[in-house]
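As structure tokens, the structure follows; a few thoughts come after it.
There are 2 protein chains.
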Amino acid sequence: MTAFADLMAFQRETEALAQIAGRLGWDQETVMPAGAAHQRGEEMGAIEGVLHARRTDPRVGDWLGTAEAPDAAGQRALDLIARAYRRNACIPARLAAETARVTSVAQGIWAEARGKDDVAHFLPTLEHVVALRREAGQALAAGGFGGGDVYDALLDDYEPGATGAGIAAVFGRMRPRLVALRAALLGARHAPVPLAHRFGKDGQMALARDLAGAFGYDWSRGRLDLAVHPFSSGSGNDVRITTRVSESDPFNCFYSTVHEVGHATYEQGIDQAYLLTPLGAGVSMGVHESQSRIYENQLGRSRAFTGWLFGRMRETFGDFGVADAEAFYGTVNRVQPGYIRTEADEVHYNLHIMMRFDLERQLMSGALAVADLEEAWNSRFAADFGVAVDRPAHGMLQDVHWSVGLFGYFPTYALGNVYAGCLHKALRAAVPDLDAALARGDAAPATGWLNDCLQRHGGLYAPAEVVERACGFAPDEGPLLDYLETKFRAIYRL
Amino acid sequence: MTAFADLMAFQRETEALAQIAGRLGWDQETVMPAGAAHQRGEEMGAIEGVLHARRTDPRVGDWLGTAEAPDAAGQRALDLIARAYRRNACIPARLAAETARVTSVAQGIWAEARGKDDVAHFLPTLEHVVALRREAGQALAAGGFGGGDVYDALLDDYEPGATGAGIAAVFGRMRPRLVALRAALLGARHAPVPLAHRFGKDGQMALARDLAGAFGYDWSRGRLDLAVHPFSSGSGNDVRITTRVSESDPFNCFYSTVHEVGHATYEQGIDQAYLLTPLGAGVSMGVHESQSRIYENQLGRSRAFTGWLFGRMRETFGDFGVADAEAFYGTVNRVQPGYIRTEADEVHYNLHIMMRFDLERQLMSGALAVADLEEAWNSRFAADFGVAVDRPAHGMLQDVHWSVGLFGYFPTYALGNVYAGCLHKALRAAVPDLDAALARGDAAPATGWLNDCLQRHGGLYAPAEVVERACGFAPDEGPLLDYLETKFRAIYRL
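Have a look at this one:
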């Protein structure tokens, strides 16, 4: 028991320091003065150095060798610590330091390249990042992670237990139905009207706060600020969200807020007994995204909830040119091919992910050279979306992920959608009168069910396991596709 | 040279981590959700633990034993590191971590107690904090700091070289002249008119920003937020200030802002070569306060500058019942016994400090029990100010300092006033036409002189030494008392 208690006390401090590093990230994106950037780089380097030293501290290995867990939760905590320790041990210190240094610079170079639509400015850096991540993947694969596969070894960090082959199989079954649905919708005679109005910033922020409240965000343990790219940050009792405001597109503000509230209430809703332990955070990126997505889409973009939102928007902004709640439901759910993943509708979103997944797997296997990425991206986009990429900022430069070394992260977004589809099916069965509450702007019956069945467990169960426990069936893509076809064929009167 | 370079590289990371801890403090006072308080306590405990481990790392002792400085600045850095190393070595890690944890939580409890005027709610926590600080003082005294005196050992952390006996002697010389001046002013036939008007919050904040700019605050490396108790936070290129707003008392907002700008521009103005080194911060609390006080009082409350402020307030708020700039100068400098130290006029301010100094010395020596503090406070206040404390929030609950363990800190405020008096005398001799600039709302000739003569040196010289270098004479209380008597007797037409 002493080794277990010592390890847990050490781990608790590490988790607290990781929370601090996360909050520095929040600060940097929301309130930091611009002139502090260089100094902040040194500060982040210092705390990341402390965290790396703790995560590879030989005492952790010693404790793991003798610690005995008092219960199942304790055993799960030991397993998670052991897994992270073994992963970190595979990465040579030189590679970890070089990756930290190169990716921190790469993010700035990516932003510059994106700003001036200059792929060539980014390519040498991306080549360096890809080489470093392949090296890390190879080291992890050699250590037994990902069943010896480089891409799977990286993916395993974001979605433990998932494999590239498994995701490819899911995507293979999803693609034909999504492509058929997309074709039917784009060919339909009826189409919802787009918004054509200006929406004041103060009104948007006030309504965003109401939306966060409707979905159960606990303001006593969080706050809402503006950021260039919305995100949620922190675990336990300090979980902050951000959004952005565009006067022509209030849905960007509203649904970014609801999305981040999904992430944040997952963190806020974890059993307080797990605070600052390996169980005290969402279990995987895919499960996290299932929460943000079901809040945003299956609940937030439902006919019932958008009916309430329509009324609130009319109260806030007056007549904005949409006749009634039924028309508004169509406007919210308008399907249109677009360049940008983060602005994609529910039907197109997963096609963006499938494309990134195929491209990044090829980059990691070496089948695709970085020099050929732009051509591969553009030809694939034209084939999948029927539109030619007009500029690199709308193409391969649109997302920050690869610049900071996140290979294996993108598919977790689609996995989150798949999980959200399953959870929504189970939720509707468990709470048959949910629409009546949603129509009053009250998502509590849904968020209460999600908290009880999934969120409160934190890291206690493996990703697919916690979803299966919540749903009562093994998750697959069927419920998501059924939901999309039913919902969008009705909106488009097919 | 290798030991010196290694030590400086290690110290640089430690300084960066200390900046992070400071920024967490800023976060806690400005933007942190209330429900995060306990978790934040653990986070602060974790990073303070890391800092304590680094500051007592045996390698630092080894490096100090062999390091050779390349120049005088390097030698001063070595001396400061050695002094801090010897101090920290006196404090057991357990005590450092417990103090960090307890004081972080204590701050919230103090705020609650102050909010509901409930001394009993705060007493157990204050007892805990006092016990921890006495234990630290005893450990430091046993290690030879403060000449073996518990209070002096703590004071030495904020004002190296100062002693309780020395400060008591200065206060002993100041008190009769202050008491006589106070009696004369309160008995004068003429008295300035008080403000009797409401001043909108937005207008106050806009003017506070203008004031910060007038005193040279660099917005690209800082920001202004609201806090219950205004403070300045951070060093180098991220130095943030806070203020507060009362609709009936705009001077609270304005002069808190100018005060914090004094602290902040000291930090912002330090030679960039000293960034994240032991020389990269203000050298002591007393010298720090000399900057905030000369900005706030000798400059900000001067006849010339208040003339400009009167015009700006008329532009912002319209006619607010003060006839002209001359009357406004009196209103700004109105002398009145009041409960709150931070709102005290220049004449009463040091009497507040003398009282806290005596009480906290007794708390640290054990001569006064925490349980008896309220009675001791109230009877002393009645004796010194001729007014009975009406509620604890106006008495012993008014300041955050003791809740966060700052014993030995209060006298540095009065020392800052003494230094400010000396610096002001030298400044006026060096910049004879200063009033012409101040009358235009331009403090640059003064802040430029202060930066050149004092601020840019950071920690390069000892506190009394840097003030003497700037002034050209050894500092004492004479110039401050001369200034106060001349200024206030004129305002009160004596």
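Heads up: the sequence lines are chains A and B, in that order. Quick note, our numbering runs 733 ahead of the 1-based positions in the first sequence. Quick note, our numbering runs 733 ahead of the 1-based positions in the second sequence. Just so it is clear, CB atoms sit at the ideal spot from N, CA and C, and this is done for glycine as well.
Same chain only: Cβ atoms within 7 Å of residue i, ignoring 5 sequence neighbours per side
| i | result |
| --- | --- |
| His-962 of chain B | Val-1133 |
| Ala-1109 of chain B | Leu-1092 and Leu-1101 |
| Met-765 of chain A | Arg-773 |
| Leu-1217 of chain B | Leu-914, Glu-1079 and Val-1080 |
| Ile-1086 of chain A | Phe-1143, Pro-1144, Tyr-1146 and Ala-1147 |
| Gly-870 of chain A | Val-883, Tyr-884, Ala-886, Leu-887 and Met-1097 |
| Leu-1009 of chain A | Arg-745, Glu-748, Ala-749 and Gly-969 |
Residues of its chain near residue i, where Cβ-Cβ distance is below 8 Å and the 5 sequence neighbours each way are ignored
| i | result |
| --- | --- |
| Ala-917 of chain A | Arg-1222, Tyr-1225 and Leu-1227 |
| Glu-1107 of chain A | Val-852, Pro-1125, Gly-1128 and Met-1129 |
| Phe-984 of chain B | Leu-928 and Val-1065 |
Nearest neighbour of residue i, chosen from the options [CA to CA]
| i | options | result |
| --- | --- | --- |
| Ile-814 of chain A | A:Arg-867, A:Gly-1013, A:Ser-837 and A:Arg-915 | A:Gly-1013 |
| Met-1088 of chain A | A:Val-1065, A:Asn-1066, A:Leu-1096 and A:Asp-1117 | A:Asp-1117 |
| Leu-1160 of chain A | A:Ala-913, A:Ala-864, A:Ala-822 and A:Leu-1032 | A:Leu-1032 |
| Tyr-891 of chain B | B:Arg-816, B:Phe-1053 and B:Glu-801 | B:Arg-816 |
| Leu-928 of chain A | A:Leu-1139, A:Ala-1115 and A:Phe-1053 | A:Phe-1053 |
| Tyr-1028 of chain A | A:Ala-901, A:His-1157 and A:Arg-773 | A:His-1157 |
| Pro-825 of chain B | B:Ala-872, B:Phe-855, B:Pro-1070 and B:Ala-805 | B:Ala-872 |
| Phe-737 of chain A | A:Asp-1004, A:Trp-796 and A:Gly-758 | A:Trp-796 |
| Phe-1090 of chain A | A:Ala-846, A:Tyr-884 and A:Lys-849 | A:Tyr-884 |
| Val-903 of chain A | A:Asn-1083, A:Lys-1220 and A:Tyr-1216 | A:Asn-1083 |
| Tyr-818 of chain A | A:Gly-807, A:Gln-808 and A:Asp-790 | A:Asp-790 |
| Gln-1131 of chain B | B:Tyr-1216, B:Ser-1023 and B:Ala-844 | B:Ala-844 |
| Phe-1038 of chain A | A:Ala-1203, A:Asp-1168 and A:Gly-758 | A:Asp-1168 |
| Asp-760 of chain A | A:Asn-1184, A:Leu-957 and A:Cys-1186 | A:Leu-957 |
Whether residue i touches residue j by CB criterion (9 Å)
| i | j | result |
| --- | --- | --- |
| Ala-1195 of chain B | Ala-1207 of chain B | no |
| Glu-1076 of chain B | Asp-982 of chain B | yes |
| Thr-998 of chain B | Asp-951 of chain B | yes |
| Ala-1153 of chain A | Val-1164 of chain A | no |
| Val-1199 of chain A | Val-994 of chain A | no |
| Ala-810 of chain A | Pro-1011 of chain A | yes |
| Gly-1228 of chain B | Glu-746 of chain A | Outside the displayed span of chain B (734 to 1227) sits residue 1228 of chain B, for which this structure offers no information. |
| Gly-1138 of chain B | Arg-906 of chain B | no |
| Gly-1141 of chain A | Leu-888 of chain A | yes |
| Glu-1000 of chain A | Gly-969 of chain A | yes |
| Arg-954 of chain B | Gly-768 of chain A | yes |
| Leu-757 of chain B | Ile-753 of chain A | yes |
Closer than 8 Å at the beta carbon, the chain A residues around residue i
| i | result |
| --- | --- |
| Ile-974 of chain B | Ordered by position in chain A, no residue passes the 8 Å Cβ test against Ile-974 of chain B, which lies about 11 Å from the chain. |
| Arg-773 of chain B | Asp-971 |
| Asp-1244 of chain B | One cannot answer for residue 1244 of chain B here, as it falls past the ends of chain B, which runs 734 to 1227. |
| Leu-1009 of chain B | Gln-772 and Glu-775 |
Distance cut-off 8 Å: residue i Cβ against heavy atoms of the ligand FMN
| i | result |
| --- | --- |
| Asp-1185 of chain B | Annotation note on the ligand FMN: not contained in the displayed structure, which lists no ligands. |
Contacts of residue i in chain B (Cβ-Cβ under 7 Å)
| i | result |
| --- | --- |
| Glu-776 of chain A | Ala-749, Gln-752 and Ile-753 |
| Ser-1017 of chain A | Residues of chain B passing the Cβ test: none, with the nearest at roughly 23 Å. |
| Glu-746 of chain A | Ala-779 and Gly-782 |
Proximal chain B residues relative to residue i, where beta-carbon distance stays under 9 Å
| i | result |
| --- | --- |
| Leu-959 of chain A | Those within 9 Å of Leu-959 of chain A in chain B number zero; the least Cβ separation is about 13 Å. |
| Arg-956 of chain A | Val-764, Met-765 and Pro-766 |
Cutoff 6 Å; reference residue i; Cβ partners in own chain excluding five residues on either side
| i | result |
| --- | --- |
| Gly-1174 of chain B | Ala-947 and Trp-1041 |
| Ala-921 of chain A | Tyr-1225 and Leu-1227 |
| Glu-860 of chain B | Val-1103 |
| Thr-976 of chain B | Ala-941, Pro-963, Cys-986, Ser-989 and Thr-990 |
| Phe-1043 of chain A | Ala-1058 and Phe-1061 |
| Gly-1149 of chain B | Gly-1019, Glu-1022, Ser-1023 and Arg-1026 |
| Asp-1004 of chain A | Arg-1189 |
Interface flag, residue i vs chain D, CB-CB below 9 Å
| i | result |
| --- | --- |
| Asp-790 of chain A | Among the protein chains in the structure shown, which are A and B, there is no chain D. |
Proximal chain B residues relative to residue i, where beta-carbon distance stays under 8 Å
| i | result |
| --- | --- |
| Val-783 of chain A | Leu-750 and Val-783 |
| Ser-953 of chain A | Pro-766, Ala-767 and Gly-768 |
| Leu-757 of chain A | Ile-753 and Arg-756 |
Partners in chain A for residue i, counting only beta-carbon separations shorter than 9 Å
| i | result |
| --- | --- |
| Arg-1047 of chain B | Here the premise fails: no neighbours, minimum Cβ distance about 29 Å. |
- Item | Length at least 4, wholly inside the stretch 838-914 of chain B: the alpha helix (DSSP H) runs in chain order | 852-875 and 883-891
- Task: Please go through the stretch 1035-1103 of chain B and give each complete alpha helix (DSSP H) segment of 4 or more residues, from N-terminal end onward.
- Result: 1036-1050, 1058-1065 and 1079-1098
- Segments of 4+ residues assigned as alpha helix (DSSP H) that fall wholly inside the stretch 984-1037 of chain A: 1018-1026
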